[in-house]
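Here the protein sequences come in this chain order: A and B. The first sequence maps to residues 1 to 184 in my numbering. The second sequence maps to residues 185 to 352 in my numbering. Structure first, commentary second.
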Amino acid sequence: MIRSEILKEIAPILNPHLVVCNIGLPSQELHMIDDNERNFYMLGTMGLSSSIGFGLALAQDKPVISIDGDGSVLTNLGTLPTIANNATGNYTLLIIDNGSYGSTGDQPTYAGKKTSLAAVATACGCDNVIEVQDKDLGPVLQSAIDSDEMTVIVCKCDSGNIKLPVITLDPVVIRHRFMEAVKA
Amino acid sequence: MNIDKKIVDDLVANDISFVTTVPCKQLAGVIEEVENRDKIFHIPSNKEDEGMGLCAGAFMGGKRPAIIMQNTAIGVTINTLATLTQFYRLPLPMIISYRGELREPVACQVEMAVHTKALLAQLNIPTYHFHWQKDVEEFDNILKYTFMCNKPVAILTDANFWGGYGDQ
Chain A
1 MIRSEILKEI
11 APILNPHLVV
21 CNIGLPSQEL
31 HMIDDNERNF
41 YMLGTMGLSS
51 SIGFGLALAQ
61 DKPVISIDGD
71 GSVLTNLGTL
81 PTIANNATGN
91 YTLLIIDNGS
101 YGSTGDQPTY
111 AGKKTSLAAV
121 ATACGCDNVI
131 EVQDKDLGPV
141 LQSAIDSDEM
151 TVIVCKCDSG
161 NIKLPVITLD
171 PVVIRHRFME
181 AVKA
Chain B
185 MNIDKKIVDD
195 LVANDISFVT
205 TVPCKQLAGV
215 IEEVENRDKI
225 FHIPSNKEDE
235 GMGLCAGAFM
245 GGKRPAIIMQ
255 NTAIGVTINT
265 LATLTQFYRL
275 PLPMIISYRG
285 ELREPVACQV
295 EMAVHTKALL
305 AQLNIPTYHF
315 HWQKDVEEFD
325 NILKYTFMCN
335 KPVAILTDAN
345 FWGGYGDQ
């Protein structure tokens, strides 16, 4: 499965929850599949989906899912020790690991070579790290959200993109409606 | 006057309850004060752009954030400041150790110091420079200004403000 197929499959699981979605195609795909006010789309700033979602999870009690990519996590590897050492049970980090920088033309990442992000997350002190194959993600994600323990999921999948337009929502609109959803 | 205590008192008085830090010797006292306050959740960051991400999330979750870091971080965080903090109109007080200014003992620090104000000006980030201890009296107003206008705001605090740096 490629990322857009995975997002289609897990969209009903994500829908009731606060989701911080990675820059570029992941946000564009989620926006196309299930746009709603509980989604925070990153329009810039590669690498910070995990940090934004984690700050949000620490600041309030609702479940938060950060959708990140292997390339983006590699950009901000320092996030993993921060998350591990301040773990909060309402947080799930979903790393969609297709071994490539999808939004920039599928150049290979080191996560698709020798580097295991699941092993890195474990070494950083994350207690619940699950590596899962794309077709098996749904139940694993649901139980991570339902659990009182913070979970890092590394979902291995194929690289590949679909063509779709950029998000034209104004960032302040994205932020405002998301904050209203947080308060609701 | 205990500057560390005054700064953290002002943070608490302005309902700032989420503070991330990347350390600097000059900031050690204020970081320790942040860590010891019950009303502040202190989360150290490994890099300043990561910290700004945490602060963005915390603000959207209903907490007022702040970041404490060195001025070298301006070189690290320009993209984050432009495409996250400014683009989404997020308030962020940045309490910055202004290394490389008067009474600085480490020459390399000057290399970023000479760019610091120019970079902040280029980014249209409101910038205040604390050189004398009395300058801290403005801090409360700066915090109120930051959350009024939803912008990142820089407070540069140099070695003279902190009473010198190391053995000189």
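Every residue, glycine too, gets a C-beta built ideally from N, C-alpha and C.
Sorry if obvious, but does the Cβ on C21(A) come closer than 8 Å to a heavy atom of the ligand ADP?
Absence of the ligand ADP is noted for the structure shown, with no ligands found whatsoever.
For a cutoff of 9 Å on Cβ pairs, would you count G24(A) as touching chain B?
no
Reference V227(A), options D97(A), T45(A), G71(A) and L18(A), closest by Cα:
Nothing about residue 227(A) can be reported from this structure: the residues present for chain A run from 1 to 184 only.
Going by beta-carbon coordinates alone, are P26(A) and I67(A) separated by less than 9 Å?
yes
Residue of N263(B), W346(B) and S201(B) minimising C-alpha distance to R248(B)
S201(B)
Any 3 or more C-beta pairs closer than 8 Å across the segment 279-287 of chain B and the segment 91-107 of chain A:
no
Using a Cβ cut-off of 9 Å, which residues of the segment 161-172 of chain A contact any Cβ in chain B, in chain order?
P171 and V172
Decide if G55(A) is buried, meaning its Cβ has at least 16 other Cβ atoms within 10 Å, or exposed.
buried
9 Å Cβ cutoff, F271(B) in contact with chain A:
yes
Beta-carbon within less than 6 Å of L80(A)'s beta-carbon, same chain only, minus the 5 sequence neighbours each way: which residues are those?
A121 and C124
With a threshold of 9 Å between beta-carbons, can A57(A) be considered close to chain B, or not?
yes
Sequence-distant residues of the same chain with beta carbon closer than 7 Å to P200(A), five excluded per side:
The first residue shown for chain A is 1 and the last is 184, placing residue 200(A) beyond what the model contains.
Terminal residues of the beta strand (DSSP E) in which I280(B) lies
L276 to Y282
Figure out for me which residue from E37(A), E180(A) and I162(A) has the closest Cα to the Cα of G105(A).
I162(A)
Between which two residues does the beta strand (DSSP E) containing A250(B) stretch?
R248 to Q254
L286(B) and N344(B) look like a contact to me (Cβ under 8 Å); what is the Cβ gap, rounded to whole Å?
5 Å
For a contact defined as C-beta to C-beta under 8 Å, what are the partners of L43(A) on chain B?
T267 and F271
Closest Cα partner of D34(A) within the set I10(A), A87(A) and S143(A):
I10(A)
Quick check on Q352(B) - is its C-beta less than 9 Å from some C-beta in chain A?
At Q352(B), the pLDDT of 41 sits below 50, so the modelled position is not reliable; the number obtained from the coordinates is stated separately. No, no contact with chain A.
If we ignore side chains and look at the alpha-carbon of each, how far apart do L276(B) and F314(B) end up?
18 Å
May I ask you to report which of helix, strand or coil DSSP gives V152(A)?
strand
Residue-level contact to chain A via CB, N308(B), 9 Å cutoff:
no
For N15(A), does the count of other Cβ atoms within 10 angstroms reach 16, so buried, or fall short, so exposed?
exposed
With 16 other CB atoms within 10 Å as the buried threshold, where does L164(A) fall?
exposed
Contact between the segment 235-247 of chain B and the segment 45-53 of chain A is defined here as three or more beta-carbon pairs at a separation below 8 Å; is this criterion met?
yes
Are the C-beta of P336(B) and some C-beta of chain A separated by less than 9 Å?
no
Nearest to M46(A) by CA position, among E149(A), M179(A) and V20(A), is which residue?
V20(A)
Starting from F331(B), find everything on chain A with Cβ-Cβ shorter than 9 Å and list it in chain order.
Those within 9 Å of F331(B) in chain A number zero; the least Cβ separation is about 14 Å.
Check whether the segment 218-228 of chain B touches the segment 256-268 of chain B, counting contact only when three or more Cβ pairs, one atom from each stretch, lie closer than 8 Å.
no
Look at the Cβ atom of F323(B), then the Cβ atom of D194(B), and state whether they are nearer than 9 Å.
yes
Assuming E216(B) is part of the alpha helix (DSSP H), what are its boundary residues?
A212 to N220
Could you tell me whether the Cβ atoms of C157(A) and M1(A) are closer together than 9 Å?
yes
Any idea if M184(B) is buried or exposed, counting beta-carbon neighbours within 10 angstroms, 16 or more meaning buried?
There is no way to answer for residue 184(B), as the model of chain B reaches only from 185 to 352.
Would you grab the beta carbon distance between R177(A) and E29(A) for me? Rounded to a whole angstrom, and I think it's under 8 Å.
Between E29(A) and R177(A) the Cβ distance is about 19 Å, and since that is not below 8 Å, they are no contact.
Using a C-beta to C-beta distance shorter than 8 Å, which residues of chain B count as neighbours of L48(A)?
D233, E234, M236, G237, A240, T264 and L268
Going by beta carbon distance, what residues of the same chain come within less than 6 Å of T151(A), once the five residues before and after it are set aside?
T92, N128 and A144
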